[in-house]
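S.K.:
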Amino acid sequence: MKFYIINGPNINMVGIREKQIYGTMDFNQVIELIQSESIQRGIEVECFQSNHEGTLVDIIQDAYFKNIDGIVINPAAYTHTSVAIADAIKAIAPIPVVEVHLSDIKEREAFRHHSYCAPYCIEQIKGHGPQGYIMAMDVLIKAIGEKQ
Ligand code: DQA
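Following the numbering used here, the numbering of the sequence shown begins with 2 at its first residue and continues without gaps.
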C-alpha cells in the first residue's frame with residue numbers, strides 16, 4: 002500500500018511560524034514522524050511539499066497515474082481558496098483523500114472555516130497537530146481495508 006503525503010504552502014515553515022498555533026516540531030521532524038509511523042504500519046509513503054498551487058495539482062494527478070492507494074493532504078491556505086485543488090481531488094476519485102490541518106480551523110478566523118476540498122475528502126482531521134497525519138493514514142488504511 003502506498004500513500005502520498007502532500008503539504009501545501011508554508012507547511013515547510015512549521016516550527017518557525019506561529020508556534021503557538023502550529024507547535025514547535027519542525028517540518029523535517031513532522032516528516033520523520035510520518036515516515037516512522039508508516040513503517041510500523043507496513044505502508045510506503047512519499048512526502049511532498051510545495052508553495053505552488055499548480056504543483057500541488059500536478060502531484061494529485063500524478064497519484065492517479067501512479068496508482069497510489071490514498072492521499073493525505075494539508076492544502077494549507079489553499080484549503081480556503083483553491084477550486085483547482087478541490088477539482089483535482091474530485092478528478093482522481095475513487096482514490097481516497099483525507100484532509101489534515103495542524104490547527105483547528107473551525108476555532109480560528111472565519112475565512113478558515115470553509116474548505117473547498119472537504120466535500121471530496123473522506124474525512125477532515127483538524128486540531129491534532131502532527132499526530133493528525135498519522136490519524137489520517139489510519140483512516141485511509143481502514144477505508145481501503147473495508148473496500149477490499
Ligand atoms: C493549516 C490551516 C490553514 O488555515 C493555514 O492557512 C495553514 C495551515 C493547518 O495545518 O492548520 O497554512 O492548514
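Beta carbons are placed, not taken as given, at the ideal position from N, Cα and C, and that holds for glycine. Quick caveat: nothing in here was measured; it's all calculated off a predicted structure.
Just grab the DSSP bridge partners of residue 127 for me.
M.R.: Within the sequence shown, residue 127 is the residue found at index 126, counting from 1. Partner(s): 102.
S.K.: Assign residue 132 to one of three DSSP states: helix, strand, or coil.
M.R.: By one-based count along the sequence shown, residue 132 stands at place 131. Of the three classes helix, strand and coil, the one that applies to residue 132 here is helix, per DSSP.
S.K.: If you scan the region 71-115 from start to end, which runs of the beta strand (DSSP E) of 3 or more residues do you find wholly inside it?
M.R.: 71-75, 98-102
S.K.: Quick one: any contact between the region 131-144 and the region 71-85, if contact means 3 or more CB pairs under 8 Å?
M.R.: yes
S.K.: Mind the definition here: the region 11-25 touches the region 59-74 only if three or more C-beta pairs lie below 8 Å; say whether that holds.
M.R.: No: the two stretches stay apart, fewer than three of their Cβ pairs being nearer than 8 Å.
S.K.: Can you round the beta-carbon distance between residue 118 and residue 99 to whole angstroms, since I take them to be within the 8 Å contact cut?
M.R.: Reading the sequence shown from its first residue, position 117 is the one you call residue 118. Reading the sequence shown from its first residue, position 98 is the one you call residue 99. Between residue 99 and residue 118 the Cβ distance is about 10 Å, and since that is not below 8 Å, they are no contact.
S.K.: Shorter than 6 Å, the distance from the beta carbon of residue 78 to the closest heavy atom of the ligand DQA, or not?
M.R.: Indexing the sequence shown from 1 puts residue 78 at position 77. Yes, the ligand DQA has a heavy atom inside 6 Å of this Cβ.
S.K.: When you compare each of 108, 96, 49, 55 to residue 31 by their alpha carbons, which one comes out closest?
M.R.: Residue 31 sits at position 30 when you count from the first residue of the sequence shown. When only C-alpha atoms are compared, the closest one is 49.
S.K.: What is the C-beta distance between residue 10 and residue 52, in whole angstroms, given that I count them as a contact (C-beta under 8 Å)?
M.R.: As a working mapping, residue 10 is identified with position 9 in the sequence shown. As a working mapping, residue 52 is identified with position 51 in the sequence shown. Your pair residue 10 and residue 52 checks out as a contact, with CB atoms roughly 4 Å apart and the cut at 8 Å.
S.K.: Measuring only the C-alpha atoms, how far is residue 39 from residue 115?
M.R.: For the purposes of this step, residue 39 is taken as the residue at position 38 of the sequence shown. For the purposes of this step, residue 115 is taken as the residue at position 114 of the sequence shown. Their backbone Cα atoms lie some 29 Å apart in a straight line.
S.K.: Using the rule of at least 16 other Cβ atoms within 10 Å of the residue's Cβ for burial, across every protein chain shown, is residue 127 buried or exposed?
M.R.: Translated into positions along the sequence shown, residue 127 becomes position 126. So residue 127 ends up on the buried side.
S.K.: Can residue 104 be considered in contact with the ligand DQA, in the sense that its beta carbon sits closer than 6 Å to one or more heavy atoms?
M.R.: For the purposes of this step, residue 104 is taken as the residue at position 103 of the sequence shown. Yes.
S.K.: Let me check you understand the geometry: is the CB of residue 18 closer than 6 Å to at least one non-hydrogen atom of the ligand DQA?
M.R.: Taking the sequence shown and counting its residues from 1, the one referred to as residue 18 is at position 17. No, the ligand DQA has no heavy atom inside 6 Å of this Cβ.
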